[in-house]
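All you need for my numbering is the position in the sequence shown, starting with 1, plus 1245.
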Amino acid sequence: DDSDRETELDLTAKEAERIYKDSDFYTAFLQYGAFFNGGDVDYLCRMLTDPQTIIDENEKYLKWQIEDFGKVINKMGRYVQSVELASDLGIQSGPMCDPEVFQELCMPYLKKFCDFIHQNSDIKIQLHCCGSIKPFIPMLIHAGIDILNPVQISADDMDPEELKREFGDDIVFWGGGCDTQRVLNLGTTDDVKENVKKLTGIFKPGGGFVFNQVHNIMGNIPPEKIVAMLDTAYEESFY
């Protein structure tokens, strides 16, 4: 934690190379912002009351992120398969902000950063984004996001069949494979198995799906439910 950025990247690159050469693991470089700070109420207010400050901040962040990720590409680009950006755009019931305001103040910078990554590497871009975000997905695809995680199918307006039908040809769904909000925690082991079968059956056809439960598994979940979830996912993984 007390090292400078160059040292940190050098150490990370060494570990990325080891993982790449010694294992079959997929590696992701974590993490950058997606030019939207939805966790800050003041930020959300300033998007309406003082949008120029948001533009100024995003200009600064874009410059730093391009410079920093250029170093990542040079030091470990051949050993890393994706980079994760993180910005929660939704809450349980809908978007955190007006999608049109996001498109004006945030999208240009997200697209420029994604364009830089795609033009200078083969690294895929995954966005960690919780909540009810369906109105944003076309924008995210246009910006160059390749992978969406965790696909919170338990939030409003996030019906898995609609997501797959409308966006399945254009983005990878990494998640949405088991409802951690209503099934993994509250259902029986059989409920978990059925939930995984149903959701995998929706997202799997045609590819573009990486199984994962919707979000973190809480510490009070019985181990047999976790085993049932993963065993069922494995059974359903074959084409």
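Cβ atoms here follow ideal geometry from the backbone N, Cα and C, with glycine treated the same way.
These numbers come from a predicted model, not from an experiment.
A direct Cα-Cα distance of roughly 20 Å separates residue 1469 from residue 1444. Judged by pairs of C-beta atoms under 8 Å, the segment 1276-1293 touches the segment 1330-1345, as three or more such pairs exist. The count of Cβ pairs closer than 8 Å, one atom from the segment 1365-1376 and one from the segment 1387-1398, reaches three, so the stretches are in contact.
Within the segment 1357-1441, the complete beta strand (DSSP E) segments of 3 residues or longer fall at 1369-1373, 1392-1394, 1417-1419, listed in chain order. DSSP places residue 1278 in the uninterrupted beta strand (DSSP E) bounded by 1273-1278. Per DSSP, reduced to three states, the secondary structure at residue 1481 is coil, with no helix or strand assignment. Counting only residues of its own chain and dropping the five nearest sequence neighbours on each side, residue 1293 has a CB closer than 8 Å to the CB of 1346. In the same chain as residue 1400, and ignoring 5 residues on each side of it, the C-beta atoms closer than 6 Å to its own belong to 1337, 1376, 1377, in chain order. Listed in chain order, the beta strand (DSSP E) elements of length 3 or more contained wholly in the segment 1262-1312 are 1273-1278.
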